[in-house]
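Worksheet: one structure, shown below.
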Amino acid sequence: MANALEISSLVKVYDNGFTALKGIDLTVQEGDFFALLGPNGAGKSTSLGIVSSLVNKTSGDVRVNGYDLVNQREQVKRSLGVVPQEFNFNAFEKVFDIIVQQAGYYGLNRKQAAVKAEEYLKKLDLWSKKDTQARMLSGGMKRRLMIARALVHEPKILILDEPTAGVDIEIRRSMWTFLTELNRQGTTIILTTHYLEEAESLCRNLAIIGKGEIIAQGPTKELLKDKDRSTFVADFSQSPESLPESFSQFDAQLTGDGSVEFHIKRGESLNQVFALFDQYNLPILSMRPKTNRLEELFVDLTENQPETGSKV
Amino acid sequence: MTHPYWVAFSSIVVKEVRRFLRIWPQTLLPPAITMVLYFVIFGNLIGSRIGEMGGFDYMQFIVPGLIMMTVITNAYGNVSSSFFSNKFQRSLEELMVAPVPNWVILSGFVIGGVARGLACGIIVMLLSLWFSKLVVSHIFVTISVILLTAIVFSIAGLINAIFATKFDDVTIVPTFILTPLTYLGGVFYSVSLLPEFWQWVSKLNPILYMVNTFRYGIIGVSDIPVATAYAMLGLFVIVLGSWAMYLLNTGRGLRT
Ligand SMILES: Nc1ncnc2c1ncn2[C@@H]1O[C@H](COP(=O)(O)OP(=O)(O)OP(=O)(O)O)[C@@H](O)[C@H]1O
Ligand SMILES: [Mg+2]
């Protein structure tokens with residue numbers, strides 16, 4: 003089985019001399035639901051742009067669905083559906099025409115295209131807007147329009163650069179359901195997002211990129227398992243005035259609003275903390291993880307990344 | 016099954032044609048108005064005082080030149096503004112991610128430009144019937160030269176759009192190069208009226224050849240050998256076509 007995406011030693015130096023990718027390696031298996039995460043400017047769009055033929059690479063190799071990006075560009079393009087970060091449709095065209103037009107570029111005649119356009123516009127809940135000019139859609143609708151457009155030729159691999167940016171919670175959820183279902187039916191999904199809790203719950207594998215380098219890559223579960231500590235926040239009916247010395251083993255701190263933040267290292271049990279709070283007669287009213295686990299891993303990795311660090 | 020490239024090509028052409036039809040007040044109407052003014056002012060009012068030019072009455076003499084001028088401006092303008100706005104709105108990315116070879120992209124936009132050039136040319140020709148009768152002396156020359164000219168200027172418009180970084184950049188060439196060359200290209204006069212030196216200079220102007228060959232097709236007179244014009248048009252198609260392909264292949268101005 004060919005890998006959906008294989009990137010090796012990919013380097014991108016922009017015309018102004020800026021090195022956006024410092025030789026990244028990345029593999030996405032066929033059928034995967036994969037997230038490429040990283041802070042703003044890390045090089046996510048640049049990498050995906052190279053894969054989708056929108057950005058020229060400087061050096062390195064890219065294979066999509068087993069095809070070489072440079073020598074078999076046409077097969078590569080046929081294998082891919084691309085949803086870019088920035089809106090890139092003609093704002094004055096009607097929704098339906100945009101989809102039919104795109105299908106035409108992939109060789110679907112108008113009749114076939116119209117059938118597919120209807121199918122995907124319905125799936126993405128845009129059918130009622132089919133005769134609306136694209137500029138009159140809301141931000142979330144524009145994103146969904148781009149997803150429908152990317153799927154009209156039924157690609158094996160769908161690339162989405164921040165598909166949920168600016169999309170409300172309800173639509174975001176339905177978008178995730180849609181993508182999960184699409185993935186279940188066999189489409190490989192590669193996406194970027196800044197909503198880490200989404201990536202954590204939905205993506206099987208992920209890579210974290212920072213300053214043009216891959217700093218972590220692997221199955222989501224494995225990566226999270228390696229995380230050495232988690233942060234929790236506890237609230238009390240009666241906030242403590244100060245914390246006894248013994249809480250320092252959990253690196254506990256009183257926050258401004260009277261709750262307590264503490265850390266659990268890998269291997270430690272939450273029961274120990276509860277016992278301690280009990281001992282000082284501090285009943286916990288509610289407790290939650292400070293951020294989700296992936297977010298913590300992400301912050302740990304990206305904030306502690308050396309300026310020109312070596313690859314992990 | 017129809018070949019996918021053919022489907023892609025016709026999609027581009029359909030999109031281009033629909034674009035200029037949708038915005039007809041900006042694309043089809045202006046040449047109609049401008050040319051009617053030319054016909055009225057130069058043909059009727061002033062033309063009657065000028066008398067004959069090249070053995071024909073002045074109106075008949077300028078009609079072919081004005082049609083040619085319309086075709087040149089509109090073919091060029093269609094491709095330069097459409098391609099540039101596709102680039103500017105990023106909707107060109109729709110084509111760049113799709114399995115459409117660059118020669119199909121080039122042909123699609125060029126035929127779109129040719130369609131607009133011809134549509135405007137035909138409108139102007141029909142309007143000219145109000146002012147003078149139209150006889151076509153050499154139908155094959157008339158059609159082939161107008162097609163070739165429309166192709167040449169469509170390709171040129173695309174090259175302009177590739178280099179353009181702002182909307183102003185697509186009006187510079189028409190204003191400072193195309194319009195002067197057209198006016199000096201024998202639309203309004205026969206170059207035989209000029210002193211020898213200026214005749215010689217005029218013959219460096221490619222538009223002179225196109226205008227005269229087209230006029231030859233319509234009224235049967237030309238200041239220059241028709242064969243030279245075809246050789247020149249052929250050369251332009253090849254040179255500009257290769258240049259455009261080179262630019263598209265390297266992604267100049269399109270891919271960072
Ligand atoms: N055309 C360009 N010319 C020069 N530098 C560029 C260009 N495009 C992007 N860059 C730089 O390359 C780096 C990576 O950009 P990229 O868009 O890939 O980041 P990203 O990870 O997608 O960020 P975001 O999360 O904000 O979308 C940034 O520092 C950016 O400024
Ligand atoms: Mg980005």
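Residue numbers (my numbering), protein chains in the order written: chain Y, 3 to 314; chain G, 16 to 271.
For glycine and all other residues, C-beta sits at the position ideal for the given N, C-alpha and C.
These numbers were taken from a predicted model, which means no experiment stands behind them.
Environment of residue i [buried if 16+ CB atoms lie within 10 Å]
| i | result |
| --- | --- |
| residue 140/G | buried |
| residue 138/Y | exposed |
| residue 141/Y | exposed |
| residue 163/Y | buried |
| residue 328/Y | No answer is possible for residue 328/Y: it lies beyond the span of chain Y, which begins at 3 and ends at 314. |
| residue 256/G | buried |
| residue 59/G | exposed |
| residue 120/G | buried |
| residue 47/Y | buried |
| residue 217/Y | buried |
| residue 186/Y | exposed |
| residue 190/G | exposed |
| residue 260/Y | exposed |
| residue 124/Y | exposed |
| residue 264/G | exposed |
| residue 115/Y | buried |
Three-state secondary structure assigned by DSSP to residue i
| i | result |
| --- | --- |
| residue 313/Y | Its pLDDT being 40, under 50, residue 313/Y is placed unreliably in this model, and the value from its coordinates should be taken loosely. It is coil, neither helix nor strand. |
| residue 69/Y | strand |
| residue 24/Y | strand |
| residue 32/G | helix |
| residue 174/G | helix |
| residue 222/G | helix |
| residue 89/Y | coil |
| residue 132/Y | coil |
| residue 157/G | helix |
| residue 233/Y | strand |
| residue 214/Y | coil |
| residue 191/Y | strand |
| residue 184/G | helix |
| residue 302/Y | helix |
| residue 113/G | coil |
| residue 150/G | coil |
| residue 194/G | helix |
| residue 8/Y | strand |
| residue 249/Y | helix |
| residue 18/Y | coil |
| residue 287/Y | strand |
For residue i, the nearest candidate out of the options (CA to CA)
| i | options | result |
| --- | --- | --- |
| residue 83/Y | 233/Y, 161/Y, 236/Y | 161/Y |
| residue 290/Y | 269/Y, 278/Y, 264/Y | 264/Y |
| residue 103/Y | 155/Y, 58/Y, 146/Y | 155/Y |
| residue 130/G | 228/G, 216/G, 43/G, 71/G | 43/G |
| residue 224/Y | 205/Y, 234/Y, 214/Y, 216/Y | 205/Y |
| residue 81/G | 247/G, 199/G, 122/G, 269/G | 199/G |
| residue 68/G | 271/G, 118/G, 206/G | 206/G |
| residue 38/G | 225/G, 97/G, 78/G | 97/G |
| residue 157/G | 201/G, 133/G, 120/G | 133/G |
| residue 218/G | 231/G, 229/G, 201/G | 201/G |
| residue 220/Y | 114/Y, 299/Y, 63/Y, 88/Y | 299/Y |
| residue 2/Y | 303/Y, 151/Y, 111/Y | Here chain Y has residues from 3 to 314 only, and residue 2/Y is not among them. |
| residue 270/Y | 259/Y, 231/Y, 22/Y, 280/Y | 231/Y |
| residue 119/Y | 152/Y, 15/Y, 88/Y | 152/Y |
| residue 268/Y | 115/Y, 295/Y, 247/Y | 295/Y |
| residue 45/G | 135/G, 70/G, 108/G, 32/G | 135/G |
| residue 196/Y | 44/Y, 99/Y, 150/Y | 44/Y |
| residue 183/Y | 126/Y, 235/Y, 69/Y | 126/Y |
| residue 270/G | 84/G, 77/G, 110/G, 49/G | 110/G |
Sequence-distant residues of its chain with Cβ nearer than 7 Å to residue i (five each side left out)
| i | result |
| --- | --- |
| residue 33/Y | 188, 190 |
| residue 146/G | 54, 58, 59, 74 |
| residue 288/Y | 237 |
| residue 34/G | 97 |
| residue 32/G | 127, 130 |
Same chain, Cβ closer than 6 Å to residue i, five either side skipped, listed in chain order
| i | result |
| --- | --- |
| residue 254/Y | 245, 262, 264 |
Beta-carbon contacts of residue i that lie in its chain and below 8 Å, excluding the five residues immediately before and after
| i | result |
| --- | --- |
| residue 40/G | none |
| residue 65/G | 73 |
Three or more beta-carbon pairs under 8 Å between the segment 235-251 of chain G and the segment 82-89 of chain G, yes or no? Taking 8 Å as the limit for Cβ pairs, the verdict is that the segment 82-89 of chain G does not touch the segment 235-251 of chain G.
Would you check if the segment 201-212 of chain G and the segment 128-143 of chain G touch, i.e. whether three or more CB-CB distances between them fall below 8 Å? No contact exists between the segment 128-143 of chain G and the segment 201-212 of chain G.
Do the segment 19-36 of chain Y and the segment 205-213 of chain Y make contact, defined as three or more Cβ pairs closer than 8 Å? A contact between stretches requires three or more CB pairs, one per stretch, nearer than 8 Å, and the segment 19-36 of chain Y meets this requirement with the segment 205-213 of chain Y.
Between the segment 21-28 of chain G and the segment 236-244 of chain Y, do three or more beta carbon pairs fall short of 8 Å? No: the two stretches stay apart, fewer than three of their Cβ pairs being nearer than 8 Å.
Are the segment 246-254 of chain G and the segment 32-47 of chain Y touching by the rule of at least three beta carbon pairs closer than 8 Å? Three or more beta-carbon pairs separated by less than 8 Å are not found between the segment 246-254 of chain G and the segment 32-47 of chain Y, which leaves the two stretches without contact.
Assess, as a yes-or-no matter, whether the segment 18-25 of chain G is touched by the segment 262-277 of chain Y under the definition of 3 or more beta carbon pairs within less than 8 Å. Flag = no, the segment 262-277 of chain Y and the segment 18-25 of chain G do not touch.
Three Cβ pairs or more, each shorter than 8 Å: is that satisfied between the segment 111-131 of chain Y and the segment 64-82 of chain Y? No: fewer than three Cβ pairs fall under 8 Å.
Answer yes if the segment 160-177 of chain G comes into contact with the segment 94-112 of chain G, meaning at least three C-beta pairs across the two stretches below 8 Å, and no otherwise. Flag = yes, the segment 94-112 of chain G and the segment 160-177 of chain G touch.
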